[in-house]
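Reading through the structure tokens given below for one structure.
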Amino acid sequence: ELNGLNHLRGTLMITCLENMRHGGTSSGSTHLKAKQYLRFLALQWKPYLYGAEDADANYTAVLEDLQPHPNLKRLDIEGYGGLSFPVWMTVNMVSSLPNLVQITLADCGKCQHLPWFGQLHSLKFLELRRLHSLEYIHNNSVESSSSYPSSSLRVNVVSCAKEWSFFPSLKVLYLHDLPILKEWSREVVIANDDMEIAPAPHKVSLLSFPCLTYLEINGCPSLKSVPLLPSFENLSMTCIGEKLLQAMTRVIETDSHITTTTTIDSSIPPSPLPSLKTLYISYCEDLVSLPVEGLQNLTSLQHLSIILCRKLVHLPKEGLRGLTSIQSLCIENCNSLTSISLSPDLTTLQKLEIISCFALYWSDEDDDMQVLRSLQSLSISELPKLVSLPHRLQHLTTLQLLSISRCDGLVTLPEWIGNLASLRSLHISFCRKLESLPDAMRCLTALKELQIDHCEILSE
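With the UniProt record's numbering, the residue at position 124 of the sequence shown is 124, and numbering never jumps.
What follows is the structure, encoded as structure tokens:
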């Protein structure tokens, strides 16, 4: 039906491809390859209905017949059940789709190896979702099958390793629900001039993601490393293993070729993730404490959130060490957290939020508030074991907003609250045992807003 519609423009979505059978001809590929004005092609199979033994061959053959025109900008493939991808997506992908900017692969449950996406110079957005058999983002092992570049191309890649870039233009990468994903790249092998594989392959360091600014990792418990990313600004990690968080402090750089300590001599000293600005850590069920090494490599980090890490017991000073550019810190729904020790490096912190940490007992002994010399906003909520505000809070001369909510153990505010000379807004809500406000509040000469809600005893 699409054969004569070669002037189709914009988006084409083809669904229910599980009902399509390869007819033994190549005419199908000609249909889409002739449509030079298409910019977005979406191909959908009903996922996980892989069927008979010959189903894999049919998946590959059908997708082979659906090769688009080289002008295509975006490709979405969902529910593909083949073990491998057709030639136009592997060996010939650079020439087949030189203008591709965005790729999404989802629900490709048998996919063990990705196509050669790392060579696409125009690719800026890559999303991988629910690829339950995928172990490596890039796999160029000695045993690679026909779905990978030829031996001559592999030799060329190795011989030009210092100029070769892994995902040279990629800016955004989403990794969602990849349960057995282990590493970013399997080692590249070096062949000699006689096209023979060296008996002990050397490992080559390749420039990784030079333009990447946003990475989201969700549900990848087996992933153990994060590569050094020179333009990296935003990282979101959900449902990951503790080893991945620890590896963030051990990413290294040597001669501008980037890899991880899993592939080179660990005696080389670490270097930072130089541009990372935002780090979001959530649902890390095995995380008990931040790494002893701290986050010292993240010297540009401005925003850190730790949310729903239910086994996190303690935030030591060492765990927050090195955050010399931090502006905001949010700790939320960490129900096992009992103590927080603030690093002396947090001198640039402007906003601190501690929410729904039911086991947290914030004592004066653990209090290092005086290091927060730039703090402007402090919000504490749902801390039932908080019975009084840490007394060193009074030294926060830059504090402008103080919000206290749902702290059922809090009976009164201290007299020293009058020392908060810069305080402009004070919000108190749902503190059901709060009995009185101190007379020293009259000393808050900068106070512009006082909001008190649902404090029943205080109202009486």
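For every residue, glycine included, the Cβ atom is placed at its ideal position computed from N, Cα and C. What you are looking at is a predicted structure, and each value in this text was computed from that prediction instead of being measured.
Limits of the unbroken beta strand (DSSP E) element including residue i
i      : result
Lys351 : 351-355
Thr11  : 10-14
Ser300 : It is not in any beta strand (DSSP E) - Ser300 carries neither H nor E in the DSSP assignment.
Ile281 : 278-282
Thr104 : 102-106
Leu43  : 38-44
Asp338 : A small correction: the amino acid at residue 338 is Thr; Asp does not occupy that position in the sequence shown. It is not in any beta strand (DSSP E) - Thr338 carries neither H nor E in the DSSP assignment.
Leu235 : 234-240
Tyr136 : 136-138
Cys220 : 214-220
Endpoints, alpha helix (DSSP H) assigned at residue i
i     : result
Val94 : 93-96
Lys32 : The sequence shown places Leu at residue 32, rather than the Lys named in the question. Leu32 -> alpha helix (DSSP H) spans 27-33.
Whole-angstrom C-beta distance between residue j and residue i, which should lie under 8 angstroms
i      : j      : result
Asp177 : Arg129 : 6 angstroms
Gly409 : Val387 : 5 angstroms
Ser282 : Thr238 : 5 angstroms
Gly319 : Pro291 : 7 angstroms
Ser225 : Glu285 : Contact doesn't hold; Cβ gap of about 20 angstroms is too wide.
Leu375 : Gln350 : 6 angstroms
Leu120 : Leu100 : 6 angstroms
Ile240 : Leu212 : About 18 angstroms; that fails the 8 angstroms criterion.
Phe358 : Pro384 : 6 angstroms
Leu41  : Leu75  : 6 angstroms
Gln369 : Leu396 : It should be noted that the sequence gives Met, not Gln, for residue 369. Rounded, the Cβ-Cβ distance is 6 angstroms, consistent with contact.
Leu175 : Asn218 : 7 angstroms
For residue i, three-class secondary structure by DSSP
i      : result
Ile326 : coil
Phe166 : strand
Glu127 : strand
Tyr174 : strand
Met20  : coil
Ala57  : helix
Trp184 : strand
Glu285 : coil
Ile452 : strand
Asp76  : strand
Ser305 : strand
Leu120 : coil
Leu290 : coil
Leu372 : coil
Leu114 : coil
Leu315 : strand
Ser150 : Because the pLDDT of Ser150 is 38, which lies under 50, any placement of that residue in the model is unreliable, and the number read from its coordinates should be weighed accordingly. Reduced to three states, the DSSP call for Ser150 is coil.
For residue i, the nearest candidate out of the options (CA to CA)
i      : options                        : result
Ser289 : His132, Ile306, Glu135, Thr299 : Ile306
Gly79  : His69, Tyr59, Trp88            : Tyr59
Leu346 : Ile340, Asn333, Ile326         : Ile326
Glu233 : Val226, Thr278, Ser225         : Thr278
Leu32  : Pro47, Trp45, Asn71            : Asn71
Leu170 : Leu235, Ile77, Phe209          : Phe209
Asn19  : Val62, Leu437, Leu401          : Val62
Pro316 : Ser422, Cys108, Ile340         : Ile340
Trp416 : Ser436, Ile404, Met441, Cys431 : Met441
Thr299 : Leu75, Cys16, Thr324           : Thr324
Leu5   : Thr11, Ala34, Arg21, Ile14     : Ala34
Val94  : Gly81, Pro168, Gln296, Leu342  : Pro168
Lys110 : Leu83, Leu437, His391          : Leu83
His138 : Leu105, Ala42, Glu127, Gly118  : Gly118
Val371 : Thr348, Leu389, Leu450, Ala359 : Thr348
Ser429 : Ser405, Glu382, Gln44          : Ser405
Cys431 : Leu444, Leu447, Leu312, His454 : His454
Thr15  : Trp45, Glu135, Pro221          : Trp45
Leu399 : Glu382, Leu423, Asp107         : Leu423
Tyr37  : Gln302, Pro68, Leu43           : Pro68
Glu449 : Leu401, Leu312, Leu352         : Leu401
Met89  : Arg74, Lys73, Trp116, Asp65    : Trp116
Leu134 : Pro98, Ile180, Leu97           : Ile180
Leu276 : Val313, Leu215, Lys311, Leu244 : Leu215
Leu173 : Leu12, Ser236, His113, Pro221  : Ser236
Lys73  : Leu329, Thr412, Gln102         : Gln102
Leu105 : Leu437, Leu114, Gln296         : Leu114
Lys124 : His303, Leu295, Phe166, Phe85  : Phe166
His427 : Cys443, Glu382, Gln451, Ser436 : Gln451
Within the region 374-445, note down every full beta strand (DSSP E) run reaching 3 residues or more, in order along the chain. 377-381, 401-405, 425-429
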